[in-house]
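Below is one structure; the comments refer to it alone.
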Amino acid sequence: MRRIHLLLLPALAILLLSSCDGSGFLSASSMSSEVLVIMDENEWEGETGRALFDVLNSPAKGLPQFEPNFRVIQLT
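In our numbering, the protein residues as written are 14 to 89.
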């Protein structure tokens with residue numbers, strides 16, 4: 014019985030590791046400090062969207078010139 018376990022465990026591990034090549038996942042790519050906001054156009058142009066944009070676009074602390082914390086991209 015112990016011999017079966019010693020053979021079955023490595024065989025199972027090899028099967029599991031070799032069956033996944035990672036191609037089933039999409040790779041995410043974006044620029045550093047980029048935020049994608051998915052929001053309805055009416056909400057984005059209203060008070061809610063303005064408040065969210067103001068928070069995300071606030072100036073980075075410690076810099077001598079204005080530079081926003083994030084680059085905001087809005088999609089509907």
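Even glycine gets a Cβ: it sits at the ideal position worked out from N, Cα and C.
Computed from a predicted structure; not experimentally measured.
Distance CB(residue i)-CB(residue j) smaller than 8 Å
i     : j     : result
Ser46 : Phe83 : yes
Asn70 : Val50 : no
Three-state secondary structure assigned by DSSP to residue i
i     : result
Leu49 : strand
Pro77 : coil
Distance between beta carbons of residue j and residue i, contact taken as under 8 Å
i     : j     : result
Glu60 : Thr89 : Not quite, the Cβ-Cβ distance comes to about 17 Å (not below 8 Å), so this is no contact.
Met52 : Gln87 : 6 Å
Contacting residues, own chain, Cβ-Cβ under 6 Å from residue i (five flanking each side not counted)
i     : result
Ser31 : none
Thr81 : Looking at the sequence provided, one finds Pro at residue 81 rather than Thr. Around Pro81: Asn70.
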